[in-house]
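Beneath this line is the structure, given in structure tokens, with notes to follow.
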Amino acid sequence: MIPNNEYNPYFEQYIQLVTKDGKSIIENMQHSQKEFDAILRKLPEEKHTFSYAEGKWTLKELIQHCIDTERVFCYRALCFARNDATSLPGFDQDIFVDHGNANQLNYFDLLDEMETLRKSTIQLYKSFSDEALLRIGVASGNKISVRALGYLFSGHQKHHLNIVTERYL
11 MIPNNEYNPY FEQYIQLVTK DGKSIIENMQ HSQKEFDAIL RKLPEEKHTF
61 SYAEGKWTLK ELIQHCIDTE RVFCYRALCF ARNDATSLPG FDQDIFVDHG
111 NANQLNYFDL LDEMETLRKS TIQLYKSFSD EALLRIGVAS GNKISVRALG
161 YLFSGHQKHH LNIVTERYL
């Protein structure tokens with residue numbers, strides 16, 4: 011379990027999705043990616059640009075959002091693990107989606123990109139020492155540890171997969 015002083019309470023909704031079973035950061039990343047890929051690769055083409063309500067993201071946009079978020083959070087994890095004390099900016103997920111062009115991209119290319127990115131994230135986390143995992147930095151004006159970010163990757167992905175199964179399928 012991660013002490014809640016390592017992250018903003020907002021992230022509890024994601025972290026609690028993956029810390030109950032005692033899996034490591036790496037195990038969670040592997041499991042959540044496998045589950046994400048297994049479900050999304052089976053969906054018919056008409057679902058790829060489907061949105062369950064006006065103003066909600068399509069599946070392509072949701073995948074792009076997961077990719078963008080993981081990239082931003084990986085940069086944060088790398089900076090904090092390397093003991094860079096620079097306070098990092100936030101990012102506006104809606105601006106990223108609005109300008110991400112996801113609906114014009116190939117659905118399976120997006121899934122391949124997510125899979126490749128996750129493999130890279132796993133390799134990055136394998137390189138971190140136990141000491142580095144406990145380092146805390148500031149992003150979006152909030153403190154967060156490298157360890158909490160590690161669980162956040164999987165929890166965020168699982169959160170969106172839950173939305174997919176509840177609202178898109």
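In my numbering, the protein residues as written are 11 to 179. Even for Gly, the Cβ is constructed at its ideal location relative to N, Cα and C.
| query | result |
| --- | --- |
| How many angstroms separate the CA atom of Cys15 from the CA atom of Glu56? | Contrary to the premise, residue 15 reads as Asn rather than Cys in this sequence. Whole-angstrom Cα-Cα distance: 43 Å. |
| Quick one: is Arg192 buried, meaning 16 or more other Cβ sit within 10 Å of its Cβ, or exposed? | Because the chain here runs from 11 to 179, residue 192 falls outside it and cannot be looked at. |
| Would Phe138 and Ala91 qualify as a contact pair, given that the criterion is a beta-carbon distance under 7 Å? | yes |
| Flag this pair as yes or no: are the beta carbons of His58 and Tyr117 separated by less than 7 Å? | yes |
| With distance defined between alpha-carbon atoms, name the residue in Lys66, Gly160 and Leu179 nearest to Leu27. | Gly160 |
| Just grab the DSSP bridge partners of Lys153 for me. | Val148 |
| Answer with buried or exposed for Glu71, where buried requires no fewer than 16 other C-beta atoms within 10 angstroms of its C-beta. | buried |
| With 16 other CB atoms within 10 Å as the buried threshold, where does Ala48 fall? | exposed |
| Taking only the alpha-carbon atoms, compute the straight-line gap between Leu100 and Arg81 and give it to the nearest angstrom. | It should be pointed out that residue 100 corresponds to Gly in this sequence rather than to Leu. Computed Cα separation, rounded: 13 Å. |
| Helix or strand or just coil, what does DSSP make of Leu162? | helix |
| Can you list, in chain order, the residues of its chain whose CB lies under 7 Å from that of Lys168, leaving out five sequence neighbours each side? | Leu27, Val28 and Ser42 |
| Using only alpha-carbon positions, find the residue among Asn38, Glu37, Glu45 and Leu115 that is nearest to Thr175. | Glu45 |
| Can you tell which of Leu115, Ala63, Ser155 and Tyr62 has the C-alpha that lies nearest to the C-alpha of Ile35? | Ser155 |
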